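Notes to accompany the following structure.
Numbering (this note's numbering), first residue to last: 1035 to 1232.
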């Protein structure tokens, strides 16, 4: 079955999304590692694995999204994260799914690079205020508190960079899953396998 013009456009859009998120992922990781190196230079030996708490818990959970179509065989993923404000507040957000799963609305989205790099800050800004006791209770969950009561700015920025990198990684995986699903819908995989066998 020959792909229609709309299906061909959708495939190109998925490829563009994948390449764009891969590029943003590389940039966020590069910035995060650079800021982490700057923070380690500032904090010295106090920034390292020996300061990790014994009861450290994951701050992000990757979950499969409900299938958009009954015949979908490639699942997409939703990133459930816990964003901890430096003042101690916690906010649960599903920012990756909200920012990167708009299949047919790419032309209406703002620049993904700007949105991705500020995603953690936007989630923090949207969090409501909590009680004073709640803020103190949550402050121990902030990884920055493991190293210093007043961590330097490069360490704070590294945390935001790595949070953005995680979101970009999930977005890239979702774009690839959409491309695989589109190829399966068009029967391109079977055609490729048949041509390889011949």
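Cβ atoms here follow ideal geometry from the backbone N, Cα and C, with glycine treated the same way. Note that this is a predicted model, so its numbers are computed, not measured.
| Asked | Found |
| --- | --- |
| Extent of the continuous beta strand (DSSP E) to which residue 1098 belongs | 1094-1098 |
| Inter-residue spacing [alpha-carbon to alpha-carbon] between residue 1198 and residue 1041 | 30 angstroms |
| Three-state secondary structure (DSSP) of residue 1220 | helix |
| Those residues which DSSP pairs with residue 1114 across a bridge | 1095 |
| Check whether residue 1193 and residue 1178 have beta carbons under 8 angstroms apart | yes |
| Closest residue to residue 1203 among 1072, 1063, 1212 and 1098 (Cα-Cα distance) | 1063 |
| Sub-8 angstroms separation of residue 1205 and residue 1076 beta-carbons | no |
| Counted within 10 angstroms of its Cβ, other Cβ atoms place residue 1091 as buried (16 or more) or exposed | exposed |
| Cα-Cα separation, residue 1045 to residue 1065 | 30 angstroms |
| C-alpha gap between residue 1068 and residue 1218, whole angstroms | 40 angstroms |
| Residue 1050, enclosing alpha helix (DSSP H) - first and last residue | 1039-1077 |
| Buried or exposed (CB count within 10 angstroms, at least 16 for buried), residue 1165 | Here residue 1165 scores only 33 on pLDDT, less than 50, and its place in the model is too uncertain to base an answer on. |
| Which of helix, strand or coil DSSP assigns to residue 1196 | helix |
| Within 8 angstroms, strictly: CB atoms of residue 1211 and residue 1110 | yes |
| Close Cβ partners of residue 1087 (< 8 angstroms) along its chain, the five nearest in sequence each way excluded | 1180 |
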